[in-house]
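S.K.: My questions will all concern the structure given below.
2 protein chains.
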Amino acid sequence: MADILGDNGRKTARTPKHWALKDGLVSLVADAGPGGPLPGERALAERFGVSRTTVRKALTELMAEGRLTRVHGSGTFAGAGKVTQRLQLSSYTEDMRSHGLNPTSALLEATVEIAEPDVAALLAVSEGSAVLRLRRLRSADGEPMAIETSRLPLSRFPGLEERVGDTSLYGVLWEHYGVQLGHAEETIETALATPADAALLGNEVGAVMLRLSRHSFDTDNRPVEWVRSVYRGDRYKFVATLVSPRPQ
Amino acid sequence: MADILGDNGRKTARTPKHWALKDGLVSLVADAGPGGPLPGERALAERFGVSRTTVRKALTELMAEGRLTRVHGSGTFAGAGKVTQRLQLSSYTEDMRSHGLNPTSALLEATVEIAEPDVAALLAVSEGSAVLRLRRLRSADGEPMAIETSRLPLSRFPGLEERVGDTSLYGVLWEHYGVQLGHAEETIETALATPADAALLGNEVGAVMLRLSRHSFDTDNRPVEWVRSVYRGDRYKFVATLVSPRPQ
DNA sequence: TAGTGGTCTAGACCACCCC
DNA sequence: GGGTGGTCTAGACCACTAC
Chain A
1 MADILGDNGR KTARTPKHWA LKDGLVSLVA DAGPGGPLPG ERALAERFGV
51 SRTTVRKALT ELMAEGRLTR VHGSGTFAGA GKVTQRLQLS SYTEDMRSHG
101 LNPTSALLEA TVEIAEPDVA ALLAVSEGSA VLRLRRLRSA DGEPMAIETS
151 RLPLSRFPGL EERVGDTSLY GVLWEHYGVQ LGHAEETIET ALATPADAAL
201 LGNEVGAVML RLSRHSFDTD NRPVEWVRSV YRGDRYKFVA TLVSPRPQ
Chain B
1 MADILGDNGR KTARTPKHWA LKDGLVSLVA DAGPGGPLPG ERALAERFGV
51 SRTTVRKALT ELMAEGRLTR VHGSGTFAGA GKVTQRLQLS SYTEDMRSHG
101 LNPTSALLEA TVEIAEPDVA ALLAVSEGSA VLRLRRLRSA DGEPMAIETS
151 RLPLSRFPGL EERVGDTSLY GVLWEHYGVQ LGHAEETIET ALATPADAAL
201 LGNEVGAVML RLSRHSFDTD NRPVEWVRSV YRGDRYKFVA TLVSPRPQ
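Top to bottom, those sequences are chains A and B. For what it's worth, full-length UniProt numbering labels the leading residue of the first sequence as 1, then goes sequentially. For what it's worth, full-length UniProt numbering labels the leading residue of the second sequence as 1, then goes sequentially.
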């Protein structure tokens, strides 16, 4: 008698079929090699004796873990793993280069808008004053990686809207306005890809993302920019160096 | 003639039905108030004229965003939002208290193991030497929040296995071994809840998580611990302060 | 025991890519 | 056109909770 092993009893780990399926799929990924093609979803369903729905659930999880990528009309392929980006006050460009990746940045939008109450508070300007909103698509080696939306106070940086796109934003701030970044508060959380995100990143709606929100200050502690970005959760991880608050 | 609006053309944002459903569900959440109950999934499917599968997909997304919680045999409830935790070299306990939450920590496991090559390298001990592995379940106000697995070199901290659980680990390290943390490298990425995670956290398998990996060093730059934790992505966000690498 | 959420199925149809 | 992934459906059965 006695419930022996595998009883899946209460408070124990239950393993759904879609989760167990991942083991089999992972070995297919290993066989395929980086970027190699996997069998189609219908073929996988037949091979493992499950429904296509269950296969897709397992594939979606593996995709979220960065182990494979799916391309709509094309197929499923072994994944490329995650890129590590350092959380620091440096440019995206420098950062990607240090990983041997070729970074590009497309300016999707540069518009002047009127500061809403929340943005006004964050940028320390009066409500309704002019704010420059920049929207960029960051890519590495041609693959879209992140969408970044920045807001800067035009009252502090008159004419900035004419100067973006030329060179690095932080370079422009220093050369034309004598402003240098001192510190920033960066928040990280999970999020899901919106339809707009998915369209730009070649993602699926609802894909797991990392949302970062950066509030940057200059060396005089005045707010300089407020940035919200979403990074593909299957392609990125972030690393930060923490120092002791009580240094001895 | 002429595709007017709503044509959902190429390269534009397509909005799947499950995503659009979220708007309707969000207003139900608002009506319910924090912690309030929502109608059952079958009732929602009928009300919105979609299949239960589609309702569940939308609910799963809202859950990942922290807007609601589901309890197995019980029901679906309006969510509690996210807690912000600072990335710093301080204890979980201090951190939660500063948010007015009552933190508890259950020691699930404290075992001595033999260092695998990767752990040995991280802790700067020889392969095969003794390592203490601690596994904790962190809760706030009674709700499970995170699972934390730490590893410390017993060769540097003899007898440590007898002293854990009494008080804070960092306190013990200081009082008995004269060791104080100097800095740490912390990595953050998304992950999915394993069956074991889900069982401990009262989560669903595959739920979105934040995985942190911390490599801590003492004031002499010697490695002290290596910690891997998973936090519920629907309950947590992290914030870090970044400082300029060129302080001029 | 009745109701709730959790898993799985088989099949339909659409959108996209490539030949 | 034919294949691939993306979305949605209707329904079955299981596991858990509350009564």
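Quick reminder that beta carbons are idealized off the backbone N, C-alpha and C, glycines included.
Between B:55, B:107, B:233, which has its C-alpha nearest residue 165 of chain B's C-alpha?
M.R.: Of B:55, B:107, B:233, the residue nearest in Cα terms is B:107.
S.K.: List the endpoints of the continuous alpha helix (DSSP H) containing residue 53 of chain A.
M.R.: That run of the alpha helix (DSSP H) goes 52-64.
S.K.: Using CA atoms only, rank isn't needed, just tell me which of B:177, B:28, B:85, B:162 is closest to residue 140 of chain B.
M.R.: Checked all of B:177, B:28, B:85, B:162; the closest Cα to residue 140 of chain B is B:85.
S.K.: Would you mind sorting residue 76 of chain B into buried or exposed? The rule is 16 or more other CB atoms within 10 Å of its CB.
M.R.: The residue is buried, with at least 16 neighbouring Cβ atoms inside 10 Å.
S.K.: Using the three-state DSSP reduction, which class does residue 27 of chain B fall into: helix, strand or coil?
M.R.: It is helical.
S.K.: Classify residue 100 of chain B as buried or exposed, calling it buried when 16 or more other Cβ atoms lie within 10 Å of its own Cβ.
M.R.: Exposed, because fewer than 16 other Cβ atoms sit within 10 Å of the Cβ of residue 100 of chain B.
S.K.: Check whether the Cβ atoms of residue 224 of chain B and residue 217 of chain B lie closer than 8 Å to each other.
M.R.: Yes, the Cβ-Cβ distance between residue 224 of chain B and residue 217 of chain B is below 8 Å.
S.K.: Relative to the C-alpha of residue 191 of chain B, which candidate in B:206, B:178, B:181 has its C-alpha closest?
M.R.: The candidate whose alpha carbon is nearest that of residue 191 of chain B is B:206.
S.K.: What number of angstroms, rounded off, separates the C-alpha of residue 8 of chain B from the C-alpha of residue 149 of chain A?
M.R.: Annotation note: pLDDT 33 at residue 8 of chain B (below 50); position unreliable, coordinate value reported separately. Going by the C-alpha atoms only, they are around 24 Å apart.
S.K.: Note down, in chain order, each residue of its chain lying with its Cβ closer than 7 Å to the Cβ of residue 126 of chain A, except the 5 sequence neighbours on either side.
M.R.: Cβ neighbours of residue 126 of chain A beyond the five flanking positions: 120.
S.K.: What does residue 14 of chain A touch in chain B if you count any residue whose Cβ is under 9 Å from its own?
M.R.: The answer, in chain order, is 195, 198, 199, 205.
S.K.: Hey, would you say residue 201 of chain B sits closer than 8 Å to residue 229 of chain B, going by beta carbons?
M.R.: No, the Cβ-Cβ distance between residue 201 of chain B and residue 229 of chain B is not below 8 Å.
S.K.: Let me check understanding here. Comparing Cα to Cα, which of B:44, B:29, B:93 lies closest to residue 145 of chain B?
M.R.: Checking every option, the nearest Cα to that of residue 145 of chain B belongs to B:93.
S.K.: Quick check on the DSSP output: what are the complete alpha helix (DSSP H) runs of length 4 or more inside the segment 141-229 of chain B, in order along the chain?
M.R.: Within the segment 141-229 of chain B, the complete alpha helix (DSSP H) runs of at least 4 residues are 160-163, 169-177, 195-201.
S.K.: Closest to residue 83 of chain A by CA distance: which of A:241, A:232, A:242 is it?
M.R.: Comparing Cα positions, the closest option is A:232.
S.K.: Can you tell me which of the three DSSP states residue 101 of chain A falls into?
M.R.: Residue 101 of chain A falls in the coil class under three-state DSSP.
S.K.: Return the residue from the list A:112, A:78, A:57, A:31 that minimises the CA-CA distance to residue 162 of chain A.
M.R.: Closest by alpha carbon: A:112.
S.K.: Are the Cβ atoms of residue 87 of chain A and residue 240 of chain A separated by less than 8 Å?
M.R.: In this structure, residue 240 of chain A lies closer than 8 Å to residue 87 of chain A by Cβ.
S.K.: Put residue 237 of chain A into one of helix, strand or coil per three-state DSSP.
M.R.: It is a strand residue.
S.K.: Please state the DSSP three-state secondary structure of residue 106 of chain B.
M.R.: Strand.
S.K.: For residue 30 of chain B and residue 63 of chain B, what's the separation of their Cα atoms in angstroms?
M.R.: Taking the straight line joining both Cα atoms gives about 14 Å.
S.K.: Distance check for residue 67 of chain A and residue 18 of chain A, CA to CA, integer angstroms please.
M.R.: Going from the Cα of residue 18 of chain A to the Cα of residue 67 of chain A covers about 16 Å.
S.K.: Between residue 147 of chain B and chain A, is any beta-carbon pair separated by less than 8 Å?
M.R.: For residue 147 of chain B, the answer is no, since every Cβ of chain A falls outside 8 Å of its Cβ.
S.K.: For chain A, find out if any of its Cβ atoms is closer than 8 Å to the Cβ of residue 129 of chain B; answer yes or no.
M.R.: With 8 Å as the cut-off, residue 129 of chain B does not count as an interface residue toward chain A.
S.K.: Counting C-beta neighbours from all protein chains within 10 Å, is the total for residue 34 of chain A 16 or more, i.e. buried, or is it exposed?
M.R.: Classification of residue 34 of chain A: exposed, given that the 10 Å Cβ count is below 16.
S.K.: Contact criterion: CB-CB distance below 8 Å. Does residue 140 of chain A meet it with respect to chain B?
M.R.: No, because no Cβ of chain B sits closer than 8 Å to the Cβ of residue 140 of chain A.
S.K.: Excluding the 5 residues preceding and the 5 following residue 208 of chain B in the sequence, name in chain order all residues of the same chain whose CB lies nearer than 6 Å to its CB.
M.R.: Cβ within range, chain order: 64, 233.
S.K.: So, helix, strand or coil for residue 125 of chain A, using DSSP?
M.R.: Residue state, collapsed to three classes: coil.
S.K.: As a quick exercise: from B:169, B:147, B:172, pick the residue whose alpha carbon is nearest that of residue 197 of chain B.
M.R.: For residue 197 of chain B, the nearest C-alpha among the options comes from B:147.
S.K.: What does a CB cutoff of less than 7 Å around residue 128 of chain A pick up in its chain, not counting 5 residues either side in sequence?
M.R.: Within the same chain, residue 128 of chain A has close Cβ partners 114, 115.
S.K.: Rounded to whole angstroms, how far is the Cβ of residue 132 of chain B from the Cβ of residue 110 of chain B, which I believe are closer than 8 Å?
M.R.: Contact flag correct, Cβ pair sits at about 7 Å.
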